[in-house]
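S.K.: I am attaching a structure below and will ask some questions about it afterwards.
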Amino acid sequence: MAQSFKLPDLGEGLTEGEVARWLVAEGQEIAEDDPLVEIQTDKATVEIPSPYAGTVLQIRVAEGEIAPVGAVLVVIGQAGEPLPGESLPSAPPQPASKS
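What follows is the structure, encoded as structure tokens:
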């Protein structure tokens, strides 16, 4: 199942951070604790490691954008699986049989 990684609380009362640089790309295989993203705050640039292993399915916040704490930054899962909130394509409805 795909995992949504949210911007963690970086402490010191900070409520947001700017995505300074992604250290991964969509489609890239990563291991747990691999460097994921650099977040710029008012006080420092912090490198955040990945809490999950898998494939980077979607980057949701672009470099240079500011994200609030708790915002989904990236979705990590297995290649080809649906993103959270998406469903697999369903089979087309079968025509009703005439009896």
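Residue numbers (my numbering): 83 to 181.
Don't be surprised by glycine CBs; every beta carbon is placed ideally from N, CA and C.
This one's a predicted model, so the numbers in the text were calculated from it and none came from an experiment.
#1: Could you give the first and the last residue of the continuous beta strand (DSSP E) run that contains G99?
#2: Within 10 angstroms of its Cβ, does I121 collect 16 or more other Cβ (buried), or is it exposed?
#3: Looking at the structure shown, is L89 part of a helix, part of a strand, or coil, going by DSSP?
#4: From G152 to D115, what distance separates their C-alpha atoms?
#5: So is G159 buried or exposed if we call it buried at 16+ other beta carbons inside 10 Å?
M.R.: Concretely, from the data shown:
#1: 98-104
#2: buried
#3: If DSSP states are grouped into helix, strand and coil, L89 belongs with coil.
#4: 19 Å
#5: buried
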